[in-house]
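Some notes on the structure that comes next.
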Amino acid sequence: MKLFILVALFGLGLAQHNPHIRHGRTSIVHLFEWRWADIAAECERFLGPNGFGGVQISPPNEHIILDSPWRPWWQRYQPISYNLCSRSGSEDELRDMITRCNNVGVNIYVDAVINHMCGNTGGEGTHSSCGSWFSASRKDFPSVPYSHWDFNDNKCKTSSGDIENYADAYQVRDCRLVGLLDLALEKDYVRGKVADFMNKLIDMGVAGFRVDACKHMWPGDLEAVSGRLKNLSTRWFPNGSRPFIYQEVIDLGNEPISSSQYFHLGRVTEFKYGAKLGTVFRKWHGEKLCYTRNWGEGWGFMPDGNALVFIDNHDNQRGHGAGGASIVTFWDSRLHKMAVGFMLAHPYGVTRVMSSFRWNRQVVNGKDQNDWIGPPSHSDGSTKSVPINPDQTCGDGWVCEHRWRQIKNMVIFRNVVNGQPHSNWWDNQSNQVAFGRGNRGFIVFNNDDWDLDVTLNTGMPGGTYCDVISGQKEGGRCTGKQIQVGGDGHAHFRISNTEEDPFVAIHAESKL
Ligand code: AAO
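Below, the structure written as structure tokens:
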């Protein structure tokens, strides 16, 4: 009996580590601040056909609307209620998107902001995305409803009521994160409201959640909420599927709160991954690409089965959150393509690709003065839709990294090599490295300041392959470099350090 309970408990937890991605797909794309109508169209016209497994959407619930600064992106991290109307669209549009994405095999993961409501300086009125009245000063949110009883103020011991010291785990969990009104998740009532919100989304067909600010919630409280979550909708997922949970915990070390405290509840964001890989590709602090031979747990990252990995996220691409200057974003597009390519080729973790909007970056003394700027918008503050150019890139300030050929093709590469081991490693003891994934794929990087010219064992069956970085296979022809793999699996690679994309990737389905 004891064993049974243990297995059941363990099973429940581990089940929430499974992203339930369909059709052998492997990657999630964060369509940051996209409108629901645009995401629905993107699932049908691009994500489904190109093997993307899922989309992380921006918070779908009612949020504050701010004038100063004008409509910042981060207003969506200040909930007013769990009504489902937001800057991205209405509840009907949300439902339509979830259905249409599911119908083409693309999962939806919701960014769930459940640690807090709006900031304590949020004022009083109806400046909210569904127009609900609220009062931040009185901690009154009638459309949930939450009242001042439902917040943590009595538990917090700092004089400001805010987190003042990340070395004190009690402050981090019981006080306000940058003034955000901190929900008392120890209360059964609050847990119930949060679980109802998440269950409604599960019923609509979402596959799971990115849970915001988990460091600021006690694991026991999260466990209680997750125990109340329903299984995924059987309209699209197998009977008994648990929601995929990935928790935002920033753990770069040196704090009392660690990622491991959350492992049993689902996956956790591995922030060391992008911070370290950025340092490697930038060649800072003596780092070299050849040191990534034991990339993953060998670098002190969390166990593979717990990790959700990414090169940059919506915070650290603009100096919020953690990671610092080493983070490689679309602003450094050449390095970004290489780093994302490396991540997608490497077996470690569940991978998330960032898809950004451009803003007028203005860095003064290392800080971006415009780090608040919201998505491309009309003069009334409503978000612009995403126009697709004839060359398949996006217009109107939407960067769409996920549509860049090199990144899109590496998403497909990851699907093709899924389940294959990291193999046939080679390096030049500097910044030229190569590795394969069993006999299904092979990738070569040249991040040195000189040419790469070498014959390597790819582990792949003989034949002519199309490099999916410089081009791709189209109608049986290759628009990029061709790589000849001999009967012994060996192939010659030449990559000039001056090429726009100094890396080459081939896989079983790019064979001509
Ligand atoms: C806005 C305004 C505030 C205002 C507030 C309320 O900007 O001035 O007080 O409204 O009125 C986002 C924005 C915030 C925004 C908020 C609400 O980023 O600027 O506040 O919406 O609108 C911590 C949390 C982490 C959080 C991250 C940003 O632990 O959960 O801060 N990320 C999520 C979201 C994010 C969102 C929220 C949470 C809130 O992704 O978009 O905020 O819903 C250390 C700690 C980290 C901590 C950082 C904060 O990390 O370890 O846990 O993250 O500090 O800076 C490094 C860094 C150091 C770093 C440490 C790690 O190298 O220097 O910062 O070392 O070892």
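Residue numbers are given in the working numbering: position 106 of the sequence shown equals residue 675, and the series is strictly consecutive. Just so it is clear, CB atoms sit at the ideal spot from N, CA and C, and this is done for glycine as well. Note that this is a predicted model, so its numbers are computed, not measured.
Where residue i sits in the DSSP three-state scheme
{"i": "tyrosine 651", "result": "coil"}
{"i": "serine 946", "result": "strand"}
{"i": "isoleucine 880", "result": "coil"}
{"i": "tyrosine 917", "result": "coil"}
{"i": "phenylalanine 601", "result": "coil"}
{"i": "tryptophan 994", "result": "strand"}
{"i": "tyrosine 739", "result": "helix"}
{"i": "arginine 983", "result": "helix"}
{"i": "histidine 589", "result": "coil"}
{"i": "glutamate 1043", "result": "strand"}
{"i": "tryptophan 967", "result": "strand"}
{"i": "alanine 681", "result": "strand"}
{"i": "valine 909", "result": "helix"}
{"i": "asparagine 1066", "result": "coil"}
{"i": "isoleucine 1052", "result": "strand"}
{"i": "cysteine 687", "result": "strand"}
{"i": "alanine 1060", "result": "strand"}
{"i": "serine 1079", "result": "helix"}
{"i": "leucine 575", "result": "For leucine 575, the predicted model reports a pLDDT of 44, less than 50, meaning its position is unreliable; a value from the coordinates is still stated below. In this structure, leucine 575 counts as helix in the three-state DSSP scheme."}
{"i": "arginine 656", "result": "coil"}
{"i": "methionine 871", "result": "coil"}
{"i": "valine 747", "result": "helix"}
{"i": "isoleucine 667", "result": "helix"}
{"i": "arginine 645", "result": "helix"}
{"i": "leucine 834", "result": "helix"}
{"i": "isoleucine 957", "result": "strand"}
{"i": "leucine 581", "result": "Summary for leucine 581: the model assigns pLDDT 48, below 50, so the residue's position carries little reliability; its value from the coordinates is reported in the next sentence. Three-state DSSP puts leucine 581 in a helix."}
{"i": "aspartate 937", "result": "strand"}
{"i": "leucine 904", "result": "helix"}
{"i": "phenylalanine 720", "result": "strand"}
{"i": "aspartate 607", "result": "helix"}
{"i": "methionine 570", "result": "Because the pLDDT at methionine 570 is just 41, under 50, the model does not fix this residue reliably, and the value given afterwards should be weighed accordingly. Coil, per DSSP."}
{"i": "serine 828", "result": "helix"}
{"i": "glutamine 816", "result": "strand"}
{"i": "aspartate 661", "result": "helix"}
Contact test: residue i Cβ vs ligand 1 heavy atom, cutoff 6 Å
{"i": "glutamine 647", "result": "yes"}
{"i": "histidine 632", "result": "no"}
{"i": "histidine 599", "result": "no"}
{"i": "tyrosine 739", "result": "no"}
{"i": "tyrosine 831", "result": "no"}
{"i": "glycine 847", "result": "no"}
{"i": "histidine 889", "result": "yes"}
{"i": "alanine 894", "result": "no"}
{"i": "leucine 821", "result": "yes"}
{"i": "valine 747", "result": "yes"}
{"i": "alanine 1060", "result": "no"}
{"i": "aspartate 772", "result": "no"}
{"i": "alanine 782", "result": "yes"}
{"i": "aspartate 884", "result": "yes"}
{"i": "glycine 593", "result": "no"}
{"i": "tyrosine 715", "result": "no"}
{"i": "tryptophan 643", "result": "yes"}
{"i": "glycine 950", "result": "no"}
For residue i: DSSP bridge partner residues
{"i": "asparagine 676", "result": "Gly623"}
{"i": "valine 1073", "result": "Val1013"}
{"i": "threonine 1027", "result": "BP columns for threonine 1027 are empty, so no partner."}
{"i": "glycine 694", "result": "Phe703"}
{"i": "arginine 811", "result": "Beta-bridge pairing links arginine 811 to no other residue."}
{"i": "glutamine 886", "result": "Paired residue(s): none; glutamine 886 is not in a bridge."}
{"i": "aspartate 731", "result": "Arg745"}
{"i": "leucine 801", "result": "Beta-bridge pairing links leucine 801 to no other residue."}
Segment limits, beta strand (DSSP E) that includes residue i
{"i": "isoleucine 896", "result": "Per DSSP, isoleucine 896 belongs to no beta strand (DSSP E) and is neither H nor E."}
{"i": "glycine 777", "result": "777 to 780"}
{"i": "glycine 543", "result": "Limits of the chain in this structure are 570 at one end and 1081 at the other, which puts residue 543 out of reach."}
{"i": "leucine 858", "result": "No beta strand (DSSP E) holds leucine 858; DSSP gives it neither H nor E."}
{"i": "isoleucine 1038", "result": "Per DSSP, isoleucine 1038 belongs to no beta strand (DSSP E) and is neither H nor E."}
Alpha helix (DSSP H) segment containing residue i, residue limits
{"i": "arginine 760", "result": "757 to 773"}
{"i": "tyrosine 715", "result": "Tyrosine 715 -> no alpha helix (DSSP H), and no H or E assigned at all."}
{"i": "serine 1033", "result": "Checking the sequence, you will find threonine at residue 1033 rather than serine. It is not in any alpha helix (DSSP H) - threonine 1033 instead sits in the beta strand (DSSP E) that spans 1032 to 1035."}
{"i": "tyrosine 842", "result": "840 to 851"}
{"i": "leucine 791", "result": "788 to 796"}
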